[in-house]
Structure formats: C-alpha cells, structure tokens
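Numbering (this note's numbering), first residue to last: 260 to 474. What follows is a set of notes on a single structure, which appears directly below.
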Ligand SMILES: N[C@@H](CCC(=O)N[C@@H](CS)C(=O)NCC(=O)O)C(=O)O
C-alpha cells in the first residue's frame, strides 16, 4: 500500500492541487476514485470520512485530512518542499491559498461544472454570466500580480503556486472565454509551473477521465 492515498477524481481542480503536490514531491501515493458525478460525496460512507462532503481527502497513516490548503501545508512540511522560509513568506502563502479557495478556484470550479457537467435543467444563463464575471475578475487579479514576478508568493515556487494551479490547466474549451479574454502573465506562469520536474496534467494524475470511466 502506498504511503499516501488521495480520494479524488479527474475533473476536480481542488483535488488536483494535492495530486500535483504529491507528484512534485515524488511521494509514494495512489489515487482512489470518488464517483462524484454519481453522488458518492453525498453518501453516508463518504460523509463519515469527510463531514464536509468534499473531495479531496488525503490519508497518511492514521492522519486523514480534508481541505486542499491543509494538505499542501502538511505535505510541504513532510517533504521540506515548496514551503515558507520566513514568517512573512508563510503569511503571503496563506494569503494566496485563502484567496484561491474563495475567489479563484471556487468560482472556476462551479462555473466549469455549470457549463459542462450540470444537468440540463440546472443550467441557467444568468447564473453562468454571474459566475463568469467572478472568474474573470479573479483571473485579472492573478494576472496583474504576476506582471512583475515569476512566482506567486516568493522568489521560488511555493504551495501558493500549486494551490492556484487548481483549475488553470483544464482545457480552455471547457470555459466560455471570449477571444479577448487572455491573461498573458498567467500563461507565462503556467509554462513555468509546467516545467517543474514531475509536473503532470490533472487528467493524467487522477482517475475518472474521460467522464464515465474510472481509469
Ligand atoms: N475548499 C475545498 C473545496 C473542495 C471542493 O469544493 N471540492 C468539490 C469537488 S472539486 C466537491 O467535492 N464538492 C462537493 C460539494 O460541494 O458538495 C478544498 O480546497 O479542498
């Protein structure tokens, strides 16, 4: 059995943060497929593991964790990688992890879900328009932040970069961007993230792609 077990599914950008961190740290880990689209996270069995009913869940020995930001913090200490070197860096990493969870990845995840995976009856143009506006606003913030720097929270890659990666590597066609909605600094930063040794795409790291499969 692997040292780390990550309960996740391929379409989950929140899970991707933990999966990417495990890959970049060369951890001994294995994914466990969560059948999210058939309601697995609502089952009593899953709620017994995570009362919040969310993926990802990370298990390491007797320690079970939920919330991707907690996992990134834990893993950075376990492996001595991508962490803060000073209290100021720690605060800066935390600032971006809190922000990505609230503004960047939360809205991206929900917007992408509504466009691609929600039942037809639940789709709503007004809701999608609102979500898209929130996503674009968050992307503008990140793009502006990256204008004069290579990495988000320090002079080297940290868990803040891994956290913000959450939904940014999924195919562009899964979002309805207009042609003029480009974020050059984010694109340049993504190239730097992709060049980190061990980087892999979410669909290659986690099970459940294509939709309806477990592999
Ligand atoms: N803040 C959580 C967000 C996790 C999350 O929203 N996961 C989604 C899948 S990508 C989920 O399981 N949602 C179930 C629900 O909201 O009921 C984290 O960073 O881990």
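Beta carbons are placed, not taken as given, at the ideal position from N, Cα and C, and that holds for glycine.
Between the C-alpha atoms of residue i and residue j, what's the straight-line distance to the nearest angstrom?
i           : j           : result
residue 460 : residue 307 : 30 Å
residue 414 : residue 349 : 13 Å
residue 342 : residue 434 : 31 Å
residue 372 : residue 397 : 17 Å
residue 466 : residue 391 : 27 Å
residue 545 : residue 270 : The chain is shown only over 260 to 474; residue 545 falls outside these bounds and no answer can be derived.
residue 441 : residue 394 : 13 Å
residue 344 : residue 452 : 20 Å
residue 338 : residue 473 : 29 Å
residue 383 : residue 292 : 29 Å
Just to check, is the beta-carbon of residue i closer than 7 Å to a non-hydrogen atom of ligand 1?
i           : result
residue 360 : yes
residue 273 : yes
residue 313 : yes
residue 322 : no
residue 300 : yes
residue 335 : no
residue 326 : yes
Between the options, which has its C-alpha nearest residue i's C-alpha?
i           : options               : result
residue 357 : 260, 463 and 418      : 418
residue 410 : 287, 399, 355 and 392 : 355
residue 423 : 280, 265 and 264      : 280
residue 456 : 305, 260 and 340      : 340
residue 333 : 402, 287, 277 and 378 : 277
residue 430 : 352, 290, 469 and 336 : 469
residue 443 : 309, 420 and 407      : 407
residue 458 : 377, 420, 327 and 329 : 420
Pop quiz: residue i and residue j are said to be a contact at Cβ under 8 Å. What is the actual Cβ separation, rounded to whole angstroms?
i           : j           : result
residue 364 : residue 425 : 4 Å
residue 263 : residue 319 : 5 Å
residue 316 : residue 325 : 5 Å
residue 282 : residue 464 : 6 Å
residue 445 : residue 374 : The Cβ separation is near 20 Å, so there is no contact.
residue 412 : residue 351 : 4 Å
residue 295 : residue 268 : 5 Å
residue 399 : residue 427 : That pair is no contact at about 14 Å.
When burial is assigned at 16 or more other CB atoms within 10 Å of the CB, is residue i buried or exposed?
i           : result
residue 272 : buried
Answer with yes or no whether the minimum CB distance from residue i to chain D is below 8 Å.
i           : result
residue 466 : In the structure shown, chain D does not exist; there is a single protein chain.
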